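Take a look at the structure set out below.
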Amino acid sequence: MASVRRASVADTVVRLLMVVLLCLCITCDGHYLNVSSRWLVKEADGQRIKLACVNWAGHLETMLPEGLNRQPLNRLAYHVNGMGFNCVRLTFATYMLTNATIYNRTVAQIFMDAKLEHTLRGIVIHNPELINLPIQDAYACVVQQLTHAGLLIILDNHVSKPQWCCANNDGNGFWGDMFFDTNAWVQGLCLVASMFKDNDQVVGISLRNELRGPKQNINDWYKYMALGANAVHKVNPNTLIILSGLHFDTDLRFLASNHLKNLSFQDKLVYEMHWYTSSYGVNFAKGNLNKACAIATSSVMKGGASMVIPTTNRSFTSPIIISEFGIDQRGGNKANNNFITCFFAFMASMDLDWAYWPLQGDYYIRHGNEGDEEYYGILNSRWNEPRNTNLLSRLQAIQQPWKSGNFPF
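At position 325 of the sequence shown (counting the first as 1) the number is 325 in UniProt numbering, and the numbers step up by one without a gap.
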């Protein structure tokens, strides 16, 4: 079993001070968010904030957010802002925070251990200040640079053991799986909540990505989500707590009759769903697109997105973040192309918060391949330009909230 760090308060404070000095951390007042019915609003004045995010992976084997061998960190952060996104869903692995064989390793040591010498040379060129930092501190520098760029941040506990996600049998899917130790998970959530509790642009912590696998069940979902939510809220009462559903985050139906009403901080609870071309078994490659889209959107609504709409048989409404969706941007996949047209129509009509998967144009290493290209990525493999300007334009069309204040629900 992974060795678990017993971090003292003093150790946490010292580490935070070092990171603040190193990264020249600045924060701005007034970004903390609350839940108001189906909306996310500023805690300070009640003004609605629509999260239009992009996912940036930091949960794979190196645990360093991808692409820092391609471009300087500050350039990437401002590039995200310049493309119109106001938020990054930044993923992390529990082991980065709790595994004694990892959390004190430097970036250089981790990349050398992984035999990624060529990739490491790119980091030396573009981000030399990160090389000799422990991986936790390098991750914190990414968060602070996103802060400098004016971006809001959701920290997503993507996996426990750092690796590509997700499969039913990868050991990371549900509490009690080989790598998914409950105590380490809670400790990791508390540590990340503590690390960034004074940064009001870290607006949310997602407790776990894509619960799945043969052990998944509703009773344990309620038990452990409440456990994690209470733990995070105790450490940082200002942050949103984001909860994912079952079956790769496509199923929150059980909340219709029994949401987490016993938690005292309902104004901080948000739910997330994922929606890809194949998520609901709809064939977007054949037949009538309108019919396929109607079936898919009905499935998404039944799966949990209907929580944004008040009904007589449900006692609450909640924001829903579609925290992952994406397509192969090369354009040759008919099913993907039809799906994304359906998706944009749905999102325009529902005005939901969202996060595109992903930002990264390639990976330090994925599936054993160094520099593995990501064809879903917003950026190209050089990380210097959008991969597909047409898709980016369509995303930009749903980045802003409705201008009218007369929301139908």
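Don't be surprised by glycine CBs; every beta carbon is placed ideally from N, CA and C. The model shown is predicted, which means the values in this text are computed figures rather than measured ones.
Beta-carbon proximity of residue i to residue j, cut-off 8 angstroms
| i | j | result |
| --- | --- | --- |
| N66 | Q360 | Sequence check: residue 66 is Glu here, not Asn. Yes; because the gap between Cβ atoms is below 8 angstroms, this pair is in contact. |
| L151 | G204 | no |
| F174 | K215 | yes |
| E43 | L33 | yes |
| L246 | W221 | yes |
| Y271 | G326 | no |
| I49 | L90 | no |
| P386 | M195 | no |
| I123 | L68 | yes |
| A305 | V282 | no |
| A93 | K197 | no |
| P358 | A138 | no |
| T147 | N219 | no |
Integer-rounded CB distance, given that residue j should sit under 8 angstroms from residue i
| i | j | result |
| --- | --- | --- |
| I365 | A114 | 6 angstroms |
| V202 | V143 | 7 angstroms |
| I378 | Y363 | Going by Cβ atoms, the distance from I378 to Y363 rounds to 14 angstroms, so no, they are not a contact pair. |
| C165 | H59 | 7 angstroms |
| I309 | L352 | Their Cβ separation, rounded to whole angstroms, is 11 angstroms, which puts I309 and L352 out of contact at 8 angstroms. |
| K268 | V35 | 7 angstroms |
| M273 | G303 | 6 angstroms |
Distance between residue j and residue i (C-alpha atoms, nearest Å)
| i | j | result |
| --- | --- | --- |
| L316 | L64 | According to the sequence provided, residue 316 is Phe. The question's Leu does not apply to it. If you take the alpha carbons of F316 and L64, they lie about 39 angstroms apart. |
| R330 | R212 | 29 angstroms |
| N337 | A345 | 13 angstroms |
| N380 | C53 | 18 angstroms |
| S323 | L395 | 14 angstroms |
| R38 | E370 | 42 angstroms |
| A100 | K234 | 25 angstroms |
| A231 | D177 | 21 angstroms |
| H367 | R208 | 22 angstroms |
| I26 | N74 | Any reading at I26 needs caution, since the residue's pLDDT is 38, under 50, leaving its predicted position unreliable; the model's value is listed next. Taking the straight line joining both Cα atoms gives about 14 angstroms. |
| A292 | F339 | 9 angstroms |
| T62 | R121 | 15 angstroms |
| E373 | H118 | 16 angstroms |
| T341 | N104 | 45 angstroms |
| K286 | E210 | 28 angstroms |
| T383 | L391 | It is worth fixing the name first, because residue 383 is Trp in this sequence and not Thr. Straight-line Cα distance between these residues: approximately 16 angstroms. |
| L134 | A184 | Looking at the sequence itself, residue 134 is Pro, so the reference to Leu does not match. Spanning the two alpha carbons is a distance of roughly 19 angstroms. |
| P72 | D170 | 33 angstroms |
| Q136 | F284 | 42 angstroms |
| S393 | F85 | 12 angstroms |
| V88 | N127 | 20 angstroms |
| M332 | N290 | Just to set this straight, residue 332 is Gly in the shown sequence, not Met. Approximately 20 angstroms, taken between the alpha carbons. |
| A294 | A193 | 40 angstroms |
| N217 | W354 | 26 angstroms |
| A397 | A149 | 21 angstroms |
| G186 | M225 | Correcting the residue type first, residue 186 is Val in the shown sequence and not Gly. Between V186 and M225, the C-alpha separation is close to 10 angstroms. |
| L21 | H31 | Note that L21 has pLDDT 44, beneath the 50 cutoff, so the model's placement of it is unreliable and the number below is only indicative. Their backbone Cα atoms lie some 22 angstroms apart in a straight line. |
| I110 | T311 | 51 angstroms |
Range of the contiguous alpha helix (DSSP H) that encloses residue i
| i | result |
| --- | --- |
| M347 | 334-350 |
| I135 | 135-148 |
| S206 | Careful: S206 lies outside any alpha helix (DSSP H), inside the beta strand (DSSP E) at 202-206. |
| K50 | It is not in any alpha helix (DSSP H) - K50 carries neither H nor E in the DSSP assignment. |
| N183 | 182-195 |
| H247 | 246-249 |
| I320 | First-last for I320: 320-324, but that is the beta strand (DSSP E), not the alpha helix (DSSP H). |
| N209 | Counting along the chain, N209 falls outside any alpha helix (DSSP H), and DSSP gives it neither H nor E. |
| W221 | 218-235 |
| F254 | Unbroken run through F254: none, as it is neither H nor E. |
Reference residue i; option with closest CA among the options
| i | options | result |
| --- | --- | --- |
| A335 | Y280, D372, F248, T311 | Y280 |
| W275 | E129, T62, L252 | L252 |
| L243 | L227, K234, S257, N236 | L227 |
| V400 | W383, S349, I378, P358 | Note that residue 400 corresponds to Gln in the displayed sequence, not to Val. Minimum Cα distance to Q400 is reached at S349. |
| S278 | T250, N288, S264 | T250 |
| M301 | A256, L269, N333, K286 | A256 |
| G188 | V88, R70, L155, D177 | L155 |
| residue 498 | V41, H118, H158 | Because the chain is modelled from 1 through 409, residue 498 falls outside the range shown and cannot be assessed. |
| K261 | M83, A229, N333, V282 | A229 |
| Q145 | V80, E117, W185, N104 | V80 |
| S299 | A397, F343, A184, L392 | F343 |
| D328 | N388, N290, H259 | N388 |
| N258 | N236, N238, M307, N288 | M307 |
| N172 | Q47, Y95, R70, N55 | Y95 |
| S206 | M112, N55, Q163 | N55 |
Extent of the continuous beta strand (DSSP E) run through residue i
| i | result |
| --- | --- |
| C87 | 87-93 |
| S36 | 33-36 |
| A355 | 353-356 |
| H158 | 152-159 |
| Y271 | 269-274 |
| L395 | Unbroken run through L395 is the alpha helix (DSSP H), 389-396; no beta strand (DSSP E). |
| L40 | 39-42 |
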